[in-house]
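In full-length UniProt numbering, the protein residues as written are 1 to 272. The C-beta atom is built at its ideal place from N, Cα and C for all residues, glycine as well.
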Ligand SMILES: NC(=O)c1ccc[n+]([C@@H]2O[C@H](COP(=O)([O-])OP(=O)(O)OC[C@H]3O[C@@H](n4cnc5c(N)ncnc54)[C@H](OP(=O)(O)O)[C@@H]3O)[C@@H](O)[C@H]2O)c1
């Protein structure tokens, strides 16, 4: 039996998408954003109205990237994602300049080693875990605890970067996959803890054509892409669209999710 007086009904006004500029007046920080997926995300959020703060280790490339944004809408702060002093500088600067934070995209991630898990140097494994897992957690902790950002009051949104390598074991990048499986679980756990004020979701890409993934497709792109139902590899823009959706009000009822953005490759039996 249906009761039209109590059930929420779609109206002309509620038919989405809500607007082409879903982040008007909002402030977003994107870590690891001088190139690749992070830069793609920063461009998308900025195009939809956000003032964006971009981070990366090397200041030259970061400054060059920020110089391509409309004046006064993007800021570069260089530093290492797993450095507490860098995070403090980023959040203190945002609090001082803008007095608010709305979106945190914890994108910075590393994979400095390639080879079988049984041979991985434990110091390399620790570094991967420090940046990818503890770094991601620490960005969220610091955003939530910084009173000058009003992250809870603004109904803050966090999007983390996981990977299909965290869902299906991928040869040669085993510990990286383990770290991304941890990022996915971290994301869900944070979402449960931080609701209803803050939504936390992840995007898990397969191979996206960036510097990071070059070794996975260079010289054999067509062959790698043939395993993907969409018959092409991902682009930073593909991932930016997924991140922007999760960070927007269009996803207001969506939290604790890992959105696989992989051209269908995992379902088709492939991996990263
Ligand atoms: N590309 C893929 O196929 C793929 C697939 C699944 C998941 N992902 C994930 O997506 C995220 C972005 O990857 P991407 O492919 O865009 O990589 P990318 O093209 O290599 O870009 C990485 C960005 O992060 C910065 N960065 C690297 N290490 C950092 C650190 N320790 N602290 C702060 N910034 C750092 C880099 O600049 P600096 O070198 O100057 O620091 C650069 O701006 C990562 O978390 C990755 O694991 C990528």
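- Taking the CA atoms as reference points, residue 109 sits about 43 angstroms from residue 7.
- With a threshold of 7 angstroms, the Cβ atom of residue 57 counts as near ligand 1, since some heavy atom of the ligand is closer than that.
- The beta carbons of residue 138 and residue 100 sit about 20 angstroms from each other, so the pair does not count as a contact at 8 angstroms.
- With distances taken between CA atoms, residue 105 lies nearest to 38 out of 38, 66 and 133.
- Leaving aside the five residues that flank residue 199 on each side, the residues in its chain whose CB is nearer than 6 angstroms to its CB run, in chain order, 157 and 255.
- Within a 10 Å sphere around the beta-carbon of residue 226 sit fewer than 16 other beta-carbons, which makes this residue exposed.
- Of the residues assessed, residue 75 falls on the buried side of the cut-off, its CB having 16 or more other CB atoms within 10 angstroms.
- In the same chain as residue 182, and ignoring 5 residues on each side of it, the C-beta atoms closer than 6 angstroms to its own belong to 133, in chain order.
- Judged by DSSP in its simplified three-state form, residue 205 adopts strand.
- Setting aside the 5 residues that flank it on each side, residue 270 is surrounded in the same chain by 227, each with a C-beta closer than 6 angstroms to its C-beta; the list follows chain order.
- Listed in chain order, the non-local C-beta contacts of residue 173 below 8 angstroms within the same chain comprise 111, 114, 165 and 272, local neighbours out to five positions each way being set aside.
- In this structure, ligand 1 has no non-hydrogen atom nearer than 7 angstroms to the beta-carbon of residue 246.
- Residue 236 sits buried, since 16 or more C-beta atoms from the chains shown fall within 10 Å of its C-beta.
- Annotation note: the segment 123 to 186 contains the following uninterrupted alpha helix (DSSP H) runs of length 4 or greater, listed N- to C-terminal: 135 to 145.
- 54 is the residue among 217, 184, 233 and 54 whose C-alpha sits nearest the C-alpha of residue 79.
- The segment 140 to 150 makes no contact with the segment 205 to 221, as fewer than three CB pairs between them are under 8 angstroms.
- Around the CB of residue 192, fewer than 16 other CB atoms lie within 10 Å, so the residue is classed as exposed.
- In this structure, the alpha-carbon of residue 65 lies about 31 angstroms from that of residue 153.
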